[in-house]
Amino acid sequence: MKRVITYGTFDLLHYGHVNLLQRAKALGDYLIVAISTDEFNWDMKGKKCYFSYDERKRLVEAIRYVDLVIPEESWEQKVSDAREYHIDTFVIGDDWEGKFDFLKDEGVEVVYLARTPEISTTQIKKDLNTDNK
Ligand code: C2G
Numbered sequence: 012m013k014r015v016i017t018y019g020t021f022d023l024l025h026y027g028h029v030n031l032l033q034r035a036k037a038l039g040d041y042l043i044v045a046i047s048t049d050e051f052n053w054d055m056k057g058k059k060c061y062f063s064y065d066e067r068k069r070l071v072e073a074i075r076y077v078d079l080v081i082p083e084e085s086w087e088q089k090v091s092d093a094r095e096y097h098i099d100t101f102v103i104g105d106d107w108e109g110k111f112d113f114l115k116d117e118g119v120e121v122v123y124l125a126r127t128p129e130i131s132t133t134q135i136k137k138d139l140n141t142d143n144k
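Here's what the structure looks like:
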């Protein structure tokens, strides 16, 4: 069984996220998604989520391509996660191109997939804010 992992915030879940998860699952048989906790988002990414971790977890778990959701609490956990979950492939959008190549030293295949260009959580918030003016 080929095990794939990816990481992200997945706030205001949209089809760009789903496109990524669908392609990630296609690279293996079992997909783990590490969702950034509220604390990690705020402390390390300066992101304030609309949905809480539990709400984002609930939404991502409902996606047919996802087999397991775990919390992302630090930048460093990717190495221990790869070992603990016997990960074969790490996948993330190409906005992170090159940032996680160190996982290759763990024998993990590292794949950067093209983002879905026209959609983002930031854009959704901007559009909604404009519409409500
Ligand atoms: N994504 C995408 N297309 C978009 C938006 C997002 O392919 N239009 C991908 C991102 O590249 C990422 C995943 O969907 O692989 C989740 O995106 P975010 O929630 O924005 O995650 P991010 O803030 O990039 O967190 O340790 C890694 C970080 O947790 C990644």
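Convert by adding 11 to the 1-based position in the sequence shown; the result is the number in the numbering used here. All C-beta atoms in this analysis are idealised placements derived from N, C-alpha and C, irrespective of residue type, glycine included.
Review point. Which term fits Ser42, buried or exposed, when burial requires 16 or more other beta carbons within 10 angstroms of its beta carbon?
Key: Within the sequence shown, residue 42 is the residue found at index 31, counting from 1. A small correction: the amino acid at residue 42 is Leu; Ser does not occupy that position in the sequence shown. Looking at its Cβ environment, which holds 16 or more other Cβ atoms inside 10 Å, Leu42 is buried.
Practice item. Would you tell me roughly how many angstroms separate the C-alpha atoms of Leu38 and Ser91, rounded to the nearest one? Key: The sequence position of residue 38 within the sequence shown is 27, counting from 1. The sequence position of residue 91 within the sequence shown is 80, counting from 1. Using only the alpha carbons, I get a separation of about 21 Å.
Practice item. Would you kindly report the start and end of the unbroken beta strand (DSSP E) that includes Thr17? Key: In the sequence shown, the residue the question calls residue 17 occupies position 6. It spans 14-19 - the beta strand (DSSP E) in which Thr17 sits, taken as one unbroken run.
Practice item. With DSSP as the reference, label Phe113 as helix, strand or coil. Key: Along the sequence shown, read from residue 1 onward, the residue named residue 113 stands at position 102. Three-state DSSP puts Phe113 in a helix.
Review point. Is Ala35 helix, strand or coil by DSSP?
Key: The residue given as residue 35 occupies position 24 in the sequence shown. It is helical.
Check your understanding: With 16 as the cutoff for other CB atoms within 10 Å, does Ala45 come out buried or exposed?
Key -> Within the sequence shown, numbered from 1, the residue matching residue 45 stands at position 34. So Ala45 counts as buried.
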